[in-house]
Structures are given as structure tokens and as C-alpha cells.
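Engineer: I'd like to ask you about the structure that follows.
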Amino acid sequence: MPAAVPRRRRTVRRLRAALAAGAAVCLLAGPGALPAHAAPHAAPLGPPGVTGVRMPLGTVAHSAGRARFEPGPCPRTADPAPPIEGARCGTLTVPENRSRHDGRTITLGVEIVPAATGRPAPDPIVWLAGGPGDDAVSEIQLALNGGLNHDRDVIFMSQRGTYSAQPALTCPNIDRFTADTLDLVYGAPSTRDLHVEQTRVCRDDLADRTGDLGAYNSTESAADYADLREALCLEQWNVFGISYGSDLALLYMREHPRGIRSVGIDGILPPSLAGGAATWQAAREGFDGIFEACARQSACNERYPDLKGTFEHLVGELEAHPVTTTVTVPGRAEPVAVTLDGGVLVSWLTFASHLAPGVPRSIDELAHGNPQRVAEQWAGGKLGPQAIGRLSHGLAYGVFCGEWTPFESEAQVTEAGRRAFPSFPESVLVNAPGLAWLHEDCRAWNVPAAPDSVREVTRSSIPSLVLSGGFDSQTAPSNGPYAARTLSRSTEVTVPYVAHVVFADSACAQSITRSFFDTPGAPDTGCLAGLQPPVFEIGA
Numbered sequence: 000m001p002a003a004v005p006r007r008r009r010t011v012r013r014l015r016a017a018l019a020a021g022a023a024v025c026l027l028a029g030p031g032a033l034p035a036h037a038a039p040h041a042a043p044l045g046p047p048g049v050t051g052v053r054m055p056l057g058t059v060a061h062s063a064g065r066a067r068f069e070p071g072p073c074p075r076t077a078d079p080a081p082p083i084e085g086a087r088c089g090t091l092t093v094p095e096n097r098s099r100h101d102g103r104t105i106t107l108g109v110e111i112v113p114a115a116t117g118r119p120a121p122d123p124i125v126w127l128a129g130g131p132g133d134d135a136v137s138e139i140q141l142a143l144n145g146g147l148n149h150d151r152d153v154i155f156m157s158q159r160g161t162y163s164a165q166p167a168l169t170c171p172n173i174d175r176f177t178a179d180t181l182d183l184v185y186g187a188p189s190t191r192d193l194h195v196e197q198t199r200v201c202r203d204d205l206a207d208r209t210g211d212l213g214a215y216n217s218t219e220s221a222a223d224y225a226d227l228r229e230a231l232c233l234e235q236w237n238v239f240g241i242s243y244g245s246d247l248a249l250l251y252m253r254e255h256p257r258g259i260r261s262v263g264i265d266g267i268l269p270p271s272l273a274g275g276a277a278t279w280q281a282a283r284e285g286f287d288g289i290f291e292a293c294a295r296q297s298a299c300n301e302r303y304p305d306l307k308g309t310f311e312h313l314v315g316e317l318e319a320h321p322v323t324t325t326v327t328v329p330g331r332a333e334p335v336a337v338t339l340d341g342g343v344l345v346s347w348l349t350f351a352s353h354l355a356p357g358v359p360r361s362i363d364e365l366a367h368g369n370p371q372r373v374a375e376q377w378a379g380g381k382l383g384p385q386a387i388g389r390l391s392h393g394l395a396y397g398v399f400c401g402e403w404t405p406f407e408s409e410a411q412v413t414e415a416g417r418r419a420f421p422s423f424p425e426s427v428l429v430n431a432p433g434l435a436w437l438h439e440d441c442r443a444w445n446v447p448a449a450p451d452s453v454r455e456v457t458r459s460s461i462p463s464l465v466l467s468g469g470f471d472s473q474t475a476p477s478n479g480p481y482a483a484r485t486l487s488r489s490t491e492v493t494v495p496y497v498a499h500v501v502f503a504d505s506a507c508a509q510s511i512t513r514s515f516f517d518t519p520g521a522p523d524t525g526c527l528a529g530l531q532p533p534v535f536e537i538g539a
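Residue numbers (numbering that gives the first Met the number 0): 0 to 539.
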């Protein structure tokens, strides 16, 4: 009679057999099977008789409905980056369009960054990237700089169509067009026609890579995250969404609330507001935040009196008489020609709010005939290495054209601009900041409108942190209170003197965020009391 096989050895054999057969195993057994610091992340799933020990998050293949997670290599990154020690990676395979059953699937890159403490809390954080069209994997360092992984693993998944997903719906032709036409008048109809033509080229190219451009939208992305949580065998997790990721987070918590412990949103764009009108309101609030901070600082106010009036006069003056100059941009051997008109100046300030200390000086120099600082910053953003081939235009236009433009007319965008900036010329008001010719582009993109429900207000009792920046000119500071009023267990915070996505630039916002995920019902916001405005640059 053969000798009895030790219990632990029998268990290991069963596990090996199950894994070899491709079984969905989340809960694995055996004393000593895991290192002492491994965290109990997985849900209690597993084959009969296998109980007691869970595998580290992201190390076990598992199916959830029509989705499947497979451990594997880490997703590709646009820039060379050293591997993150202890990161666990793989792919999530999901249906391209869940309303169809033709079997077509797409894959999304997943990277799980371990908690810095080595002993993570059992509920990790999933990061929802901005854009729409940014890749979460490219935002890992932003999260780590803010210490988001202090005591929790943080999960990054490329949203469908983004850089590290397959297919990657990027359109370098649009990016190169933007970079190569800085000398054109931004708001001219001729520039519009050229841009829309590049949008058509992009659409035709992407149609060859995917069967359904209309499936690249927030509703499908929210379902991807619901599938990821189940495929990782997580009973619950926390959600943190920045910029467009806040739009997605609000939709996700409405459509798939199961398993969400808490939600943080930063740089808030509620789905019910998203569009050009909201962008004009954001510009008004963010610009005024900078102008008023300068007016309250004696040195700035004395050197740059009536900064608001100077800026608004310049918008009208440049729209009537555009100025062309040449600038030197790092990485470019030859000088670059840049044309500044009123629309460019508005869009420049929308993003220059991240450089708030230098904004008054830049406006003043432009008013006195020196456009170099504004032109260099505008060109640098369009010609930098991160500007070409990284944004998923397929996802961006899927969101813009399916969820925004069908619910907002061009006339409504213009009227919102007029309410915010009554003195601006009509030719400036037709293009909300950063969204030039959006309705024309969407007619070329030609995807179906989303159901009306995509624009519903999110009402939820999930504990929520609602973060805004006082200088945010991309998503209005007032969007925070608007979103919080229907989140019954929310903490709403406006961090003064900070631009879009306060987690990126404010140590105070980072501290509040970490505190929130530790105690969602009572985050520590005490650091707000000590915040001071920036010291604005004073030119000669």
C-alpha cells in the first residue's frame, strides 16, 4: 500500500492541475504558499477543498463573464521607463461591444503597483486616467509622486483604445497637423477645413483597425472596470479619477456600484455638464482666480493693474490683427513660426494656469509688443515629445461625439461663451477653449449618440472625495459643489491657488486624498488652512 501523501503536497498538486486546466482560481491554499507580507486581496473563490490562502493581486488568471484577466508582461510605455519593483501586470480581454455577440474582443493593459509599505490594505485603488484618451499607464508616476500607493496597491488599466491597449486608436496625423500648422490662424475657416479633413483621415484609418468606433465610449469603459474588479477577484476596491476620469468615475459608480468602497474625483467634469458650455464656464472661473489673486498681491497689482481688462482687450485685438512670431523650441533645430490670435490666447491661458506665477508677466509682455513667452509656451505644448502619437483620438472622439455634442448645439456653446466673456468677438466664442471645431469634427466622425441616460446626474451614497482647484480653467471649480450635492456621503474640497488636477501639484491635496482612502468618512483637510497664494513674477 503506498505511503500517504502529505496534505500540503496533495493541495499543491490540485492547484497545479487546476491552473494547467485554465480554471478560474482566485483563492489558493497551502501554508507557506505566500510570503509573509502578501496581502489578502482576492475574493473567496476556488475549487472545492482549496481554502485558506489568497494569491497576490494580479497573479492568477480568472474569467468574469465574457472578460478574462491573464497575468503577463507589463504594458508598453511611450517613454522608456525603468520597471517598477514588484509590479504585477497582465491584460484584461473584454468584448469590444457588449451589445453584440460576434466574438470580437479587445485587450487592455493592466499594471498593479504594490503598496510602499509592503503590507497593503485589502482594498486597492484603481486609477481612472484623464483625457479622454490618455493612458493610465502613462500616469503611474503622477500617482506615485503623490504617494497614492503608500499603504494600498494601485491598479492602472489602459482604457479601451488608449496607447497600451489593443487596438490602440491613436492618430499621429492629427497631432502632426497641430504641430506643423502653428503658423496658421487658429480660428480661420480655412484652418477648420484642414483640421476636419485630418479628422476624416484619422477616422478612415481607425475604421480599418476596429469593427466599431462607436464602442469606444464611457459606458463601455465603465463596464471594463467592473469586469476588471471581478476578474481580479476583488470583493471591493477604491476608485480615483482625474479630469475626464472623474466623468468616468461618476458614470461607473452609477452604473456599477457593487464592490466600490469609496470614490475620489479630482478636476471634475460631471457627465451631465460635459461639453463646450462647461469649458467656457471653467475658463471664466479659473482665469478670474488668477486675476483676483494678482489683484490681492500688492506687488502684482501695482505692476499689472487691471490684468483682467488687459487680457480681454488682447483677445479682441489679436482676433482682429493676429501676430506671427518665431520661437525656439527644445528638440527643434530650426525656429518655429507661431501665429497668435484671440482663440489661441484663450486656449493658451487655459493651460498656462498651471504656470500661474508667470501668467501676469506673460500677458503684460504681450500687451507691450513682446509675444515670445506666450508663443513659446503655446508651441512647446504642441511640439513636445508627449504631443505626438499618444492620445487616443478614437476614444476622445467616441466620448465627444457620442456623449457631448449630441446634447449641446453649437449655438448653446457660443451663448455660454458670450455669458462668460461678453466682450469676446463671435469668431472666438464659436470655439470653446481646447475644443476648436468640435461639432464639425464630430460630423466627420459619425458615431451614434449615446442614450440620454449617459447625461444623468449621479446620485450615490458611496463615500466620495470631491476635489477642485481654485485656478482650474479646464474643469470649473464650481463643478465640485455641483457634483457633491447628489453624493450624500461626500467631502467637497476646493484647494486654492492650484490649477487642473490638484493631486498633481498640491502636497495638501495629496495628503487629503491619502487620508480619505484611509478614512473615507472623515478625511483630514487641516492642511488647507496654511495654504498661501503664489508669488507672481514681476518683470522689469
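For glycine and all other residues, C-beta sits at the position ideal for the given N, C-alpha and C.
Find the nearest neighbour of A508 within the set S489, P121, F535 and L464, judged by alpha-carbon distance.
Structural biologist: L464
Engineer: Are the beta-carbon atoms of G342 and Y185 separated by less than 8 Å?
Structural biologist: yes
Engineer: Can G85 and E69 be called in contact, C-beta distance under 8 Å?
Structural biologist: no
Engineer: So I124 is in the beta strand (DSSP E); what residue range does that whole segment cover?
Structural biologist: I124 to L127
Engineer: Would you kindly report the start and end of the unbroken alpha helix (DSSP H) that includes W444?
Structural biologist: L437 to W444
Engineer: Would you please state the rounded distance, in angstroms, between the beta carbons of I540 and N300? I believe it to be under 8 Å.
Structural biologist: Residue 540 is absent from the structure shown; the chain starts at 0 and stops at 539.
Engineer: Rounded to whole angstroms, what is the Cα-Cα separation between A277 and A475?
Structural biologist: One alpha carbon belongs to A277, the other to A475, and they sit about 7 Å apart.
Engineer: Using a 10 Å radius around the Cβ and a threshold of 16 neighbouring Cβ atoms, would you call Q140 buried or exposed?
Structural biologist: exposed
Engineer: Over what stretch of residues does the beta strand (DSSP E) that includes N237 continue unbroken?
Structural biologist: W236 to I241
Engineer: Nearest chain B C-beta to T338 closer than 8 Å, yes or no?
Structural biologist: Any reference to chain B falls outside this structure, which holds one protein chain only.
Engineer: Pick helix, strand or coil for A120, following the three-state DSSP scheme.
Structural biologist: DSSP, reduced to helix, strand and coil, places A120 outside both helices and strands of the structure shown, so it counts as coil.
Engineer: Applying the criterion that 16 or more other CB atoms from any shown protein chain within 10 Å of the CB defines a buried residue, is D78 buried or exposed?
Structural biologist: exposed
Engineer: Classify P447: buried if its beta carbon has 16 or more other beta carbons within 10 angstroms, exposed otherwise.
Structural biologist: exposed
Engineer: Given V314, which residues of its chain have a CB within under 7 Å of its CB, disregarding the five upstream and five downstream residues?
Structural biologist: G341, L344, V345, F423 and V427
Engineer: With a CB to CB cut of under 8 Å and the five nearest residues on each side skipped, what residues in its chain are close to G330?
Structural biologist: L382, G383 and P384.
Engineer: I need the straight-line Cα distance from P405 to G468, nearest angstrom please.
Structural biologist: In this structure, the CA atom of P405 is about 29 Å from the CA atom of G468.
Engineer: Helix, strand or coil for Q280 per DSSP?
Structural biologist: helix
Engineer: Drop a sphere of 10 angstroms on the beta-carbon of V335, count the other beta-carbons inside from all chains shown, and report buried for 16 or more, exposed for fewer.
Structural biologist: buried
Engineer: D211: which of A483, D101 and I173 sits nearest, CA to CA?
Structural biologist: D211 has its Cα closest to that of D101, out of A483, D101 and I173.
Engineer: Please list the terminal residues of the continuous alpha helix (DSSP H) segment that includes E219.
Structural biologist: E219 -> alpha helix (DSSP H) spans S217 to A230.
Engineer: Return yes when the Cβ of F535 is within less than 8 Å of the Cβ of P370, no when it is not.
Structural biologist: Cβ atoms of P370 and F535: not closer than 8 Å.
Engineer: Might you give, ordered along the chain, the residues of its own chain that have their beta carbon closer than 8 Å to the beta carbon of G380, omitting 5 neighbours on each side?
Structural biologist: F350 and A386
Engineer: For the putative contact between A294 and V337, defined by C-beta atoms under 8 Å, what is the C-beta separation to the nearest angstrom?
Structural biologist: Actually they are not in contact, since the Cβ atoms of A294 and V337 sit about 29 Å apart, beyond 8 Å.
Engineer: Only counting the same chain, and skipping five residues up and downstream in sequence, which positions put a Cβ closer than 7 Å to that of P522?
Structural biologist: L464, T490, I511, S514 and F515
Engineer: Look up I537 in the DSSP assignment and say whether it is helix, strand or coil.
Structural biologist: coil
Engineer: Which whole-angstrom value describes the C-beta separation of I241 and F502, a residue pair presumed to lie in contact below a C-beta threshold of 8 Å?
Structural biologist: 7 Å
Engineer: Once the 5 residues before and after A319 are set aside, which same chain residues still bring their CB inside 6 Å of it?
Structural biologist: none
Engineer: Taking 8 Å as the threshold, find out whether the region 104-111 comes into contact with the region 149-161 through three or more Cβ pairs.
Structural biologist: yes
Engineer: Residues bridged to R87 by DSSP?
Structural biologist: I111
Engineer: Using a Cβ-Cβ cutoff of less than 8 Å, which residues in the same chain neighbour C526 once the five nearest sequence positions on both sides are dropped?
Structural biologist: A506, C507, S510 and I511
Engineer: Could you say which of L168, T106, Q197 and L231 lies nearest to R551 if we only look at CA atoms?
Structural biologist: Lying outside 0 to 539, the shown extent of the chain, residue 551 is not represented and no answer is given.
Engineer: On a CA-only basis, which of R283, A273, I461 and Y251 is nearest S408? Give me that one, please.
Structural biologist: Here the closest residue by C-alpha is A273.
Engineer: Excluding the five sequence neighbours on either side, which residues of its own chain have a C-beta within less than 7 Å of the C-beta of H36, listed in chain order?
Structural biologist: Note that H36 has pLDDT 32, beneath the 50 cutoff, so the model's placement of it is unreliable and no number is given.
Engineer: If we count the other Cβ atoms within 10 Å of its Cβ and call it buried at 16 or more, is E425 buried or exposed?
Structural biologist: The residue in question, E425, is exposed, as its Cβ has fewer than 16 Cβ neighbours within 10 Å.
Engineer: Excluding sequence positions up to five away, which residues of its chain have a Cβ less than 8 Å from the Cβ of R191?
Structural biologist: A435, W436 and E439
Engineer: Going straight from the alpha carbon of A248 to that of R208, what length do you get?
Structural biologist: 27 Å
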